[in-house]
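Engineer: In this note's numbering, the protein residues as written are 18 to 380.
Encoded as structure tokens, here's the structure I'll be asking about.
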């Protein structure tokens with residue numbers, strides 16, 4: 018996934034975040050990944066235990082046969098709370114480490130630039146934008162990626178467990194999951210175009226501001242000629258940027274609407290199953306719980322997809338700028354010849370030496 022016009026890619030930002038995490042805190046990275054995967058597998062296990070408990074209740078089992086599922090569900094809830102706390106601590110520590118790594122790399126690259134380059138207003142604005150990216154986008158980008166990993170495990174596990182209780186409910190769940198998967202490329206294109214229009218708008222705004230604050234007061238014929246053109250171009254890019262952002266929001270709305278309808282149909286199917294049976298059934302309860310779980314995951318994924326794409330594009334641009342600075346050859350310092358004894362004596366002690374006679378001069 019690449020924006021050809023800007024040379025940006027989401028994959029570069031995601032790979033860079035994982036690489037930064039491995040360099041900054043490999044232990045926290047492995048721990049966070051393991052905890053996220055374990056946390057993603059716990060909701061399907063809870064669904065399976067609840068289904069077993071409902072099946073025992075529906076079959077009229079005695080109290081002795083209900084103790085084990087109830088105790089297992091209670092233990093699982095405690096484990097989920099503990100794993101959730103551990104996940105928050107590990108991911109927060111990893112986020113701080115990655116953000117610190119990005120800021121340190123930005124500072125090291127900034128020290129390689131000349132003072133004249135840093136004092137340039139455009140370069141200073143770019144440096145401030147890169148600092149904001151390093152501080153608030155590199156770490157959250159990786160946290161969003163980890164959250165997606167855990168939610169993918171949750172959805173896949175929920176579908177596998179639900180197949181044991183209701184095939185029809187599984188079909189509805191898959192129908193609810195497919196739209197976000199299919200719409201990811203469309204959401205990427207929408208946000209990429211919006212980002213491209215925003216970048217072009219920034220360039221036109223800088224150019225327009227350069228003419229506006231000109232000390233000549235538009236006495237230059239070139240500035241007076243191009244200033245109206247830049248204003249029209251600026252208004253055009255503003256409209257295009259707004260249109261692209263509205264299009265991205267429209268795609269998100271359609272995906273959420275379709276997923277909500279499929280999930281509602283899944284819930285209705287589960288309730289109808291229990292209504293026809295006249296009592297609680299394991300399949301009906303499993304379908305309802307799975308629907309609520311999957312719908313929560315879909316809402317989180319759809320709303321975080323835009324943040325993931327935007328952050329990855331910003332991180333990709335951030336790394337491109339830093340890489341361009343780091344690839345520049347360092348200026349060579351002029352070699353200073355060490356002063357000889359004659360120069361030291363002349364400068365420090367005030368000695369004066371007669372000129373050396375030329376070998377060609379007469380004796």
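We treat Cβ as the ideally placed atom computed from N, Cα and C, and that holds for glycine.
Can you round the beta-carbon distance between residue 48 and residue 329 to whole angstroms, since I take them to be within the 8 Å contact cut?
Structural biologist: With 8 Å as the limit, residue 48 and residue 329 do not qualify as a contact, their Cβ atoms being about 23 Å apart.
Engineer: Taking only the alpha-carbon atoms, compute the straight-line gap between residue 181 and residue 194 and give it to the nearest angstrom.
Structural biologist: 19 Å
Engineer: Would you call the segment 156–176 and the segment 58–65 in contact, with 3 or more CB pairs under 8 Å?
Structural biologist: Verdict: yes, contact present.
Engineer: Which first and last residues belong to the alpha helix (DSSP H) in which residue 180 is found?
Structural biologist: From DSSP, residue 180 is part of no alpha helix (DSSP H); its letter is neither H nor E.
Engineer: So, using beta-carbon positions, are residue 73 and residue 66 closer together than 8 Å?
Structural biologist: no
Engineer: What did DSSP end up calling residue 230 once you bin it into helix, strand or coil?
Structural biologist: Caution applies to residue 230, whose pLDDT of 43 falls short of 50 and renders its modelled position unreliable; the value that the coordinates give is listed next. Collapsing the DSSP output to three states places residue 230 in coil.
Engineer: Quick one: residues in its chain with C-beta nearer than 8 Å to the C-beta of residue 96, no 5 flanking neighbours on either side, listed in chain order?
Structural biologist: Counting only residues of its own chain and dropping the five nearest sequence neighbours on each side, residue 96 has a CB closer than 8 Å to the CB of 59.
Engineer: Are the segment 102–121 and the segment 316–330 touching by the rule of at least three beta carbon pairs closer than 8 Å?
Structural biologist: no
Engineer: Whole angstroms is fine: what's the gap from residue 186's alpha carbon to residue 260's?
Structural biologist: 38 Å
Engineer: Taking its Cβ as the centre, do 16 or more other Cβ atoms sit within 10 Å of residue 115, making it buried, or is it exposed?
Structural biologist: buried
Engineer: Helix, strand or coil, according to DSSP, for residue 128 in the structure here?
Structural biologist: helix
Engineer: Starting from residue 9, trace the alpha helix (DSSP H) both ways and give me its first and last residue.
Structural biologist: Given a span of 18 to 380 for the chain in the structure shown, any question on residue 9 remains unanswerable.
Engineer: My assumption, with CB atoms under 8 Å, is that residue 207 sits in contact with residue 268. Please give the rounded CB distance.
Structural biologist: 5 Å between Cβ atoms; contact.
Engineer: Cα separation between residue 160 and residue 283?
Structural biologist: Straight across, the Cα-Cα distance linking residue 160 with residue 283 is about 30 Å.
Engineer: Taking the CB atoms as reference points, tell me whether residue 163 and residue 94 lie closer together than 8 Å.
Structural biologist: no
Engineer: For residue 335 and residue 121, which I take to be in contact (beta-carbon distance under 8 Å), what is that distance rounded to the nearest angstrom?
Structural biologist: Not quite, the Cβ-Cβ distance comes to about 13 Å (not below 8 Å), so this is no contact.
Engineer: Which word fits residue 39, buried or exposed, when buried means at least 16 other C-beta atoms lie within 10 angstroms of its C-beta?
Structural biologist: exposed
Engineer: Quick one: is residue 36 buried, meaning 16 or more other Cβ sit within 10 Å of its Cβ, or exposed?
Structural biologist: exposed
Engineer: Tell me the DSSP secondary structure of residue 298 in three-state form.
Structural biologist: coil
Engineer: Reducing DSSP to helix, strand and coil, say where residue 327 ends up.
Structural biologist: helix
Engineer: By DSSP, does residue 154 sit in helix, in strand, or in coil?
Structural biologist: In the structure shown, residue 154 sits in coil (DSSP, three-state: anything other than H, G, I, E or B).
Engineer: Which residue wins for smallest C-alpha separation from residue 98, given the options 125, 55, 156?
Structural biologist: 55
Engineer: Excluding the five sequence neighbours on either side, which residues of its own chain have a C-beta within less than 7 Å of the C-beta of residue 155, listed in chain order?
Structural biologist: 34, 37, 115, 116, 119, 332
Engineer: Tell me, to the nearest whole angstrom, how far the beta carbon of residue 311 is from that of residue 280; I am working on the premise that it is less than 8 Å.
Structural biologist: 7 Å
Engineer: Whole angstroms is fine: what's the gap from residue 104's alpha carbon to residue 89's?
Structural biologist: 22 Å
Engineer: From residue 230 to residue 204, what does the alpha carbon distance come to, in whole angstroms?
Structural biologist: Because residue 230 sits at a pLDDT of 43, beneath the cut-off of 50, its placement in the model cannot be relied upon, and the following sentence gives the value as read from the coordinates. Straight-line measurement puts the Cα of residue 204 at about 38 Å from the Cα of residue 230.
Engineer: Going by the CB atoms, is the gap between residue 308 and residue 197 shorter than 8 Å?
Structural biologist: no
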